[in-house]
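Numbering follows this note's numbering, in which position 155 of the sequence shown is assigned residue number 151; successive positions increment by one, without gaps. Positions of the beta carbon are idealized from the N, C-alpha and C atoms, including for glycine. These notes are about the structure you will find just below.
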Amino acid sequence: MKNFNVNKDGFYGDFGGAFIPEMLFPNIDELQKNYIKISESKEFKKEFNQLLHDYVGRPTPLYYAKRLSEKFKTKIYLKREDLCHTGAHKINNTIGQILLAKKLGKKRIIAETGAGQHGVATATVCALMGVECVIYMGEVDISRQAPNVARMKMLGAKVRPATSGSKTLKDATNEAIRDWISNPVDTHYIIGSVVGPHPYPDMVARFQSVIGYETKKQLLKFENTENPTHVIACVGGGSNAAGLFYPFLNNKNVNIVCVEAAGKGVHSGESAATSILGTEGIIHGSKTLLMQTKDGQITEPYSISAGLDYPGIGPMHANLFRSKRGEFISIDDSDAMKWGLILSQMEGIIPAIETSHAFAVLDKMKFGKNDIIIFNCSGRGDKDLDTYINYFKL
């Protein structure tokens, strides 16, 4: 059977690897040689798991969505990552990476952020550990995610705007990589998603896999099985999806559904539906599917959600798409926003707009009465209230 995990060279099928400038080779080489050894050690696991429990608030609940289940005549569960400290799944990974960085003797942390949740999670763990923190964020995202910018600053992080290109997540990532090239010895770059050069996609997926492993244990109590019929999550870079999918990658009885942002329409010129619009290329150090022109220039993505307007997808997800192991569905802004309101008013949970995209597949897919569907409710909608207010004129 085909293996959907990373191989020893950092590839998922045709995708992955480490395509990096020479200046970063020592850093990446150090991570490649040490990340598994350190993260699998008893000492690391003890500290990591204790922080996940006592600080993050894990395990997060697996919640049976009764009203949604009745409406769609199936069994719908929500993995409540929105209940993590800081309001999203991102902190699972930042706790893991800050511990790894300390073991490697790094004194300074940099990160990129789009929706701001990864920036907040990074600033949070840096405050916890007393480490200098610099967050790069697109100028456009700084404007539309103002509450998260304020949180990062309160936590002691320096927030530096990316003013080039579309002034969003791609450009923030570019700035962070430039910083790392300039400060290769004392700095660790905490990438927030399953993107970037190997070992980042695998490392982030491993730290986020707590989502999927908890789900298996919790589902066993509810349904007397560890395996749902469907696992569904939104995909930009794709860390929340990778975390939920991780234990099920090689179980063909579990359907994997990846939900991308179609923006104003897949072919509108304002979209982030990489699986449909993307071709093979290299972005931020890995070979994956990305939106680009015929001569290899990155096409600017667009989504109403700041966390999904990335022009590529992680190599794990690119492989899921190419191999047809994962089903990819594109959801436009209007359907995502509609579902933000539906989830709020049917289950009393205001989701991040990224998460709203995932729930919109309930209008696109048919499920049986005995199906067991897990949605990764990856983030709280607090950060998006201004967008919701303006959109619905609340």
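For residue i, count the other beta carbons within 10 Å of its own beta carbon; 16 or more makes it buried, fewer makes it exposed. Which is it?
{"i": "THR275", "result": "exposed"}
{"i": "ARG147", "result": "buried"}
{"i": "ASN246", "result": "exposed"}
{"i": "SER235", "result": "buried"}
{"i": "ALA29", "result": "It should be noted that the sequence gives Lys, not Ala, for residue 29. Per the 10 Å Cβ criterion, exposed."}
{"i": "TYR60", "result": "exposed"}
{"i": "SER299", "result": "buried"}
{"i": "THR289", "result": "exposed"}
Determine the direct distance from the alpha carbon of residue j to that of residue i, and round the result to whole angstroms.
{"i": "TYR384", "j": "MET333", "result": "7 Å"}
{"i": "ALA119", "j": "ASN251", "result": "35 Å"}
{"i": "ASP380", "j": "LEU64", "result": "22 Å"}
{"i": "ASP10", "j": "ASN315", "result": "7 Å"}
{"i": "ASP359", "j": "PHE371", "result": "14 Å"}
{"i": "LYS248", "j": "LYS(-2)", "result": "10 Å"}
{"i": "VAL155", "j": "ALA258", "result": "29 Å"}
{"i": "MET199", "j": "PRO243", "result": "14 Å"}
{"i": "ALA111", "j": "ASP305", "result": "9 Å"}
{"i": "ARG321", "j": "PRO311", "result": "13 Å"}
{"i": "PHE363", "j": "GLY188", "result": "32 Å"}
{"i": "ALA168", "j": "ILE138", "result": "11 Å"}
{"i": "ARG172", "j": "ILE294", "result": "Contrary to the premise, residue 172 reads as Ala rather than Arg in this sequence. Going from the Cα of ALA172 to the Cα of ILE294 covers about 18 Å."}
{"i": "GLU210", "j": "ARG54", "result": "9 Å"}
{"i": "MET19", "j": "PRO180", "result": "7 Å"}
{"i": "GLN341", "j": "ILE87", "result": "27 Å"}
Please go through the same chain and pick out, in chain order, the residues whose beta-carbon is closer than 6 Å to the beta-carbon of residue i, but skip the five residues on each side of it.
{"i": "SER352", "result": "ALA332, TRP335, GLY336"}
{"i": "GLU128", "result": "ARG104"}
{"i": "ASP78", "result": "CYS373, GLY375, ARG376"}
{"i": "GLU266", "result": "GLY259, LYS260, TYR298"}
{"i": "GLY161", "result": "ASP167"}
{"i": "VAL206", "result": "ASN88"}
What residues match up with residue i in a beta bridge as DSSP calls it?
{"i": "PHE7", "result": "GLY12"}
{"i": "LYS365", "result": "None; LYS365 has no bridge partner."}
{"i": "GLN93", "result": "Note: GLN93 sits in no beta bridge, so no partner."}
{"i": "LYS283", "result": "GLY12, ILE278"}
{"i": "PHE371", "result": "LEU74, ILE228"}
{"i": "HIS184", "result": "ILE105"}
Who are the near neighbours of residue i in its chain, counting only those whose CB is closer than 7 Å to its CB and skipping five residues on each side?
{"i": "ASP182", "result": "LYS102, LYS103, ARG104"}
{"i": "VAL213", "result": "Sequence check: residue 213 is Lys here, not Val. Taken in chain order, the list of residues that qualify is empty."}
{"i": "THR392", "result": "Limits of the chain in this structure are -3 at one end and 390 at the other, which puts residue 392 out of reach."}
Might you give, ordered along the chain, the residues of its own chain that have their beta carbon closer than 8 Å to the beta carbon of residue i, omitting 5 neighbours on each side?
{"i": "PRO17", "result": "ILE177"}
{"i": "LEU215", "result": "LEU58, TYR73, THR221, GLU222, ASN223, PRO224, ILE368, ILE370"}
{"i": "SER319", "result": "LYS(-2), PHE0, GLY9"}
Contained beta strand (DSSP E) runs [length at least 3] in the segment 209 to 277, N- to C-terminal order: Runs found: 226 to 230, 251 to 259.
For a minimum of 4 consecutive residues, which ranges assigned as the alpha helix (DSSP H) are wholly contained in the segment -3 to 85? Here the runs fully enclosed are 21 to 35, 38 to 47, 62 to 68.
Mind pulling the beta strand (DSSP E) runs of 3 or more residues that sit fully within the segment 290 to 350? Taking only runs of at least 3 residues, the beta strand (DSSP E) segments lying wholly in the segment 290 to 350 are 322 to 328.
Contiguous alpha helix (DSSP H) assignments of at least 4 residues, all confined to the segment 98 to 182: If only uninterrupted alpha helix (DSSP H) runs of at least 4 residues are considered, those enclosed by the segment 98 to 182 are 113 to 125, 135 to 140, 142 to 150, 165 to 178.
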